[in-house]
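First comes the structure, then the notes that go with it.
In the numbering used here, the protein residues as written are 3 to 65.
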């Protein structure tokens, strides 16, 4: 996910995207805790995507 793609979305779409990413992060954390997660790099990717969405939401809020 690129920040330029996120900037073209509305705030409502970004909030929906953020909720989906937070649910995905929770699921990955549960898989990690139960030792079912094989690709641990997914956690890092989801965490960075959450940060990108939050950053764009903050930018839109100030504008």
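Ideal Cβ placement from N, Cα and C applies to all residues, glycine included.
Span of the alpha helix (DSSP H) around residue i
{"i": "residue 32", "result": "13 to 35"}
{"i": "residue 38", "result": "First-last for residue 38: undefined, no H or E at that position."}
{"i": "residue 6", "result": "5 to 9"}
Spatially closest choice to residue i from the options, by CA coordinates
{"i": "residue 28", "options": "15, 65, 44, 63", "result": "44"}
{"i": "residue 60", "options": "13, 4, 3", "result": "13"}
Discussion item. When you compare the stretch 42 to 50 with the stretch 4 to 14, are there three or more beta-carbon pairs, one atom per stretch, that lie closer than 8 Å?
Written reply: Below 8 Å, too few C-beta pairs join the stretch 42 to 50 and the stretch 4 to 14 to call them touching: fewer than three.
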